[in-house]
Ligand code: CUA
């Protein structure tokens, strides 16, 4: 092997190690969580907002060409939302600005993530996966305001609660959503 080859291999290996190290460090430092895909539960077809406890909610979000249901959700600050997203037709995306939430809405499956809205404000969400002619209009918003009275359904009226998953652990470090505050 020529010296030049050894040099090239050395540089490539060092770069790989650097990238891997940076990725591990950033994941731990910013509290990256991986969304959970639920495939063993029949996807819901109705959008629902349940109030689970004083400041915890469960939101079943349905995506379809070209709208989210519900498209406007009003909650008080401090609300923790267990978010379940599915699609009725094709693959859509779901991203909420200024929050650590970015999911795919997949037909036949449910994606789960937990998000906490700590501050007041209006936070738009949009479909970020091209889904046809009116993709660019597929959006909605969370309105977080003090004293808000969310439009919730009762558990009895609309189906059942879905399983809540614990956050994924990275390197034995239990990550939580503290990082959401820093992102804002
Ligand atoms: Cu739905 Cu793009």
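In this note's numbering, the protein residues as written are 1 to 184. All C-beta atoms in this analysis are idealised placements derived from N, C-alpha and C, irrespective of residue type, glycine included. What you are looking at is a predicted structure, and each value in this text was computed from that prediction instead of being measured.
Query raised in the report: Which two residues bound the contiguous alpha helix (DSSP H) that contains residue 27?
Result: Unbroken alpha helix (DSSP H) run through residue 27: 3-30.
Requested in this report: Compute every distance between the C-beta of residue 112 and the non-hydrogen atoms of the ligand CUA, then say whether any falls below 8 Å.
Outcome: Look at residue 112: its beta carbon is at least 8 Å from all of the heavy atoms in the ligand CUA.
Query raised in the report: Given a threshold of 16 other Cβ atoms within 10 Å of its Cβ, counted over all protein chains shown, does residue 79 qualify as buried or as exposed?
Result: Here residue 79 is buried, its C-beta having at least 16 other C-beta atoms within 10 Å.
Query raised in the report: Buried or exposed: which applies to residue 94, given that a residue is buried once 16 or more other Cβ atoms fall within 10 Å of its Cβ?
Result: Buried.
Query raised in the report: For residue 133, is the beta carbon positioned less than 8 Å from some heavy atom of the ligand CUA?
Result: Checking the Cβ of residue 133 against the ligand CUA gives no.
Requested in this report: Could you tell me how far apart the beta carbons of residue 117 and residue 101 are, in whole angstroms, since I believe they sit closer than 8 Å?
Outcome: Not really, about 10 Å apart at Cβ, beyond 8 Å.
Requested in this report: Could you say which of 121, 105, 49 lies nearest to residue 129 if we only look at CA atoms?
Outcome: Of 121, 105, 49, the smallest CA-CA separation from residue 129 is found for 105.
Query raised in the report: Which whole-angstrom value describes the C-beta separation of residue 111 and residue 37, a residue pair presumed to lie in contact below a C-beta threshold of 8 Å?
Result: Contact between residue 111 and residue 37 is confirmed by a C-beta separation of about 5 Å, below the 8 Å threshold.
Query raised in the report: Are the beta-carbon atoms belonging to residue 149 and residue 77 less than 9 Å from one another?
Result: Cβ distance not < 9 Å, so residue 149 and residue 77 don't count as in contact.
Query raised in the report: Got a sec? Which residues, its chain only, sit under 7 Å from residue 124 by beta carbon, not counting five neighbours each side?
Result: Around residue 124: 97, 139, 141.
**Report entry** Limits of the beta strand (DSSP E) - the one that residue 80 falls within
**Finding:** In the DSSP assignment, residue 80 falls within the unbroken beta strand (DSSP E) covering 79-87.
Query raised in the report: Would you call residue 40 buried or exposed, if buried means 16 or more other Cβ atoms sit within 10 Å of its Cβ?
Result: With fewer than 16 other CB atoms across the displayed protein chains lying within 10 angstroms of its CB, residue 40 is exposed.
Query raised in the report: Roughly how many angstroms lie between the CA atoms of residue 66 and residue 47, to the nearest whole one?
Result: As the crow flies, the alpha-carbon of residue 66 is around 15 Å from that of residue 47.
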